[in-house]
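A.B. asks: Numbering (this note's numbering), first residue to last: -5 to 250. This is the structure I have questions about; it appears just below.
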Amino acid sequence: MTSRLLMPVRSRGAARPAAVEPAADPTPGSVRPTAILDLGHPLTAAFTARVREEAAARGDRTDRERLRTAHRLLAAEVRPVYSVEDRRRVSRTLRLGRGSCSQRMAVLEAVARSLGTATRVRGLLVDGSFWYPRFPRLRPFVPAEVLLAWPEFRLDGDWVPIAGLFDHAGPSGEGGFANTGAETLFEAVARTGVDWDTPAACDGASGACDLSAHLRTDLGRFTSRDELFARHGQTLCVPARTLAEPVLGRWGAGAA
């Protein structure tokens, strides 16, 4: 059982359109700053400078490699929590030193744009039951659908989803993503295949990287996460976010 009481009205009863392949989707990306991706803020600029320095020290030659370095730094230094404020500015996430999957992905997008790599996001409404393993005692309060901004990066002339930054298609030897424990989607993409579309993308491995069964609605692609949230709202309504954020915003992943 999942809850609709805490959700914005906009997402109720949405139909699932056919998915569009990234290469065929005409949605443009951008390297421009946004309210969320505040590239010019000193904290955002300082973190990007750290990424450049670390990448140079590692001998990174491509933007893909630099983004992997940025991902590694974020995974190590920004603590994973269950924050529900998806429109939080990147600079605030860096200042707090903690963030949800969505907030940490936003930081990675900000780094990419600062490096001159265009980004966009795919809007995914994921079944709330996907998060049951994390909140076994709070299932009645889990939203029926969770809105996920899944980043894509323009690399070598192609749109590459965040999981495509890393060299794996199927599950690792440790298995696919189980959405439990300390590992979140943000960390998982560096370890194992994560795909929201078809089992074929898992290279026939065991289907462990295929998450398409959890996808309720593909909202399409947007030039920025700002545009996605402006059009479709966030997962929780404003009163629910106001009450939940002081607790969930400090609740570490795996502690549930």
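Built from N, CA and C at the ideal position, the CB exists for glycine as well.
1) With distance defined between alpha-carbon atoms, name the residue in 158, 92, 137 and 123 nearest to residue 145.
2) For the alpha helix (DSSP H) containing residue 139, list its first residue and its last residue.
3) Whose CA, out of 109, 217, 124 and 38, lies closest to the CA of residue 87?
4) Express the C-alpha separation of residue 108 and residue -2 in angstroms, rounding to a whole number.
5) Exposed or buried, which one is residue 74 when buried takes at least 16 other CB atoms within 10 Å?
6) Within its chain, find whatever has a CB closer than 7 angstroms to the CB of residue 130; leave out the 5 residues flanking it on each side and keep chain order.
7) Quick one: what does DSSP say residue 216 is sitting in, helix, strand or coil?
8) Per DSSP, residue 116 forms a beta bridge with which residues?
9) Exposed or buried, what is residue 100 when buried is set at 16 or more other beta-carbons lying within 10 Å of its beta-carbon?
10) Can at least three beta-carbon pairs, one atom from the segment 62 to 69 and one from the segment 111 to 122, be found at a separation below 8 angstroms?
11) Can you tell me which of the three DSSP states residue 279 falls into?
12) Between the segment 121 to 130 and the segment 91 to 105, do at least 3 Cβ pairs fall closer than 8 angstroms?
13) Report the rounded CA-to-CA distance for residue 51 versus residue 44, giving the unit in angstroms.
14) Leaving out the 5 sequence neighbours to the left and right, which residues in its chain are closer than 7 angstroms to residue 58 when beta-carbon positions are compared?
15) Starting from residue 293, trace the alpha helix (DSSP H) in both directions and tell me its first and last residue.
16) Using three-state DSSP, classify residue 210 as helix, strand or coil.
C.D. replies: Here's the rundown:
1) Counted from its first residue, the sequence shown places residue 145 at position 151. The residue with the shortest Cα to Cα distance from residue 145 is 158.
2) Translated into the one-based positions of the sequence shown, residue 139 becomes position 145. Looking at the DSSP string, residue 139 is not in any alpha helix (DSSP H); the run it does join, the beta strand (DSSP E), is 139 to 149.
3) Counting from 1 along the sequence shown, the entry for residue 87 is found at position 93. Comparing C-alpha distances from residue 87 to each of 109, 217, 124 and 38 shows the shortest one belongs to 38.
4) Position 4 of the sequence shown, counting from 1, holds the residue named residue -2. Position 114 of the sequence shown, counting from 1, holds the residue named residue 108. Residue placement at residue -2 is flagged as unreliable, the pLDDT there being 49, under the threshold of 50; the coordinate-derived value follows with that caveat. Rounded to the nearest whole angstrom, the C-alpha separation of residue -2 and residue 108 is 38 angstroms.
5) Along the sequence shown, one-based indexing puts residue 74 at 80. Buried, since its Cβ has 16 or more Cβ neighbours within 10 Å.
6) Numbered from its first residue, the sequence shown carries residue 130 at position 136. Within the same chain, no residue comes within 7 angstroms of residue 130 by CB-CB distance, once the 5 residues on both sides are set aside.
7) The residue given as residue 216 occupies position 222 in the sequence shown. Strand at residue 216.
8) Numbered from 1 along the sequence shown, position 122 holds the residue referred to as residue 116. Looking at the DSSP assignment, residue 116 forms a beta bridge with 144 and 215.
9) The sequence position of residue 100 within the sequence shown is 106, counting from 1. By the C-beta density criterion, residue 100 is buried, having at least 16 other C-beta atoms within 10 angstroms.
10) No, because fewer than three Cβ pairs between the segment 62 to 69 and the segment 111 to 122 fall closer than 8 angstroms, the two stretches do not touch.
11) Nothing about residue 279 can be reported from this structure: the residues present for the chain run from -5 to 250 only.
12) Short answer: they don't touch.
13) Along the sequence shown, one-based indexing puts residue 51 at 57. Along the sequence shown, one-based indexing puts residue 44 at 50. Distance between the alpha carbons of residue 51 and residue 44: 11 angstroms.
14) Counting from 1 along the sequence shown, the entry for residue 58 is found at position 64. Closer than 7 angstroms at the Cβ level, and outside the excluded window around residue 58, lie 149 and 159.
15) Any question about residue 293 goes unanswered here, given that the chain covers just -5 to 250.
16) By 1-based counting over the sequence shown, the position of residue 210 is 216. Secondary structure of residue 210 (DSSP, three-state): strand.
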